[in-house]
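Below is one structure; the comments refer to it alone.
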Amino acid sequence: MNVVRTLFVSSRPVSWINTAYPFGAAYLLATREISVTLVVGVVFFLIPYNLAMYGINDVFDYESDLRNPRKGGAHGAVLDRRLHRVTLWAAGLSCLPFVVYLVIVGSALSWL
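Read in order, the letters of the sequence shown are residues -11 to 100 in my numbering.
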């Protein structure tokens, strides 16, 4: 399996809606507008956020994931040890521009 596909599976695509939809819905209810920030936030909560959450989890739960019969499909990948460092870097680097943008356009209330 190639690295990009493995990272994709590790991000649990079946769960993307669980993070992107609440952000998008809350943003629309609070602002009542479609904006660049809405799009950036939804895209962030689709892939980078989920790669960070689930990919990092797959790295640190490697031993238990080896024994988990559900791993390998919708419940994520069993990451080969050789991909642990790549996964951690990909998670951090894919989140960075989104977090920087959202911090810049946000306010102190964004953190509550």
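Ideal Cβ placement from N, Cα and C applies to all residues, glycine included.
Only a predicted model underlies this, so the values are computations on that prediction, with no experimental measurement involved.
Residue environment, residue i, which counts as buried when at least 16 other CB atoms sit within 10 Å
i, result
"Asn(-10)", "exposed"
"Asn38", "buried"
"Ser82", "buried"
"Ala79", "buried"
Endpoints, the alpha helix (DSSP H) within which residue i is located
i, result
"Arg(-7)", "Val(-9) to Ser(-2)"
"Asp46", "Ile44 to Phe48"
"Gly5", "Sequence check: residue 5 is Ile here, not Gly. Trp4 to Thr19 is the extent of the alpha helix (DSSP H) around Ile5."
Residues of its chain near residue i, where Cβ-Cβ distance is below 7 Å and the 5 sequence neighbours each way are ignored
i, result
"Leu34", "Trp4 and Ala8"
"Ser(-2)", "Leu39, Tyr42, Gly43, Asp46, Gly64, Ala65, Leu67 and Thr75"
"Tyr125", "One cannot answer for residue 125 here, as it falls past the ends of the chain, which runs -11 to 100."
"Asp49", "none"
"Asn6", "none"
C-beta contact flag for residue i and residue j at 7 Å
i, j, result
"Thr75", "Val30", "no"
"Phe86", "Pro36", "yes"
"Arg0", "Tyr42", "yes"
"Thr25", "Val93", "yes"
"Leu71", "Thr(-6)", "yes"
Sequence-distant residues of its chain with Cβ nearer than 6 Å to residue i (five each side left out)
i, result
"Gly12", "Val30"
"Trp77", "none"
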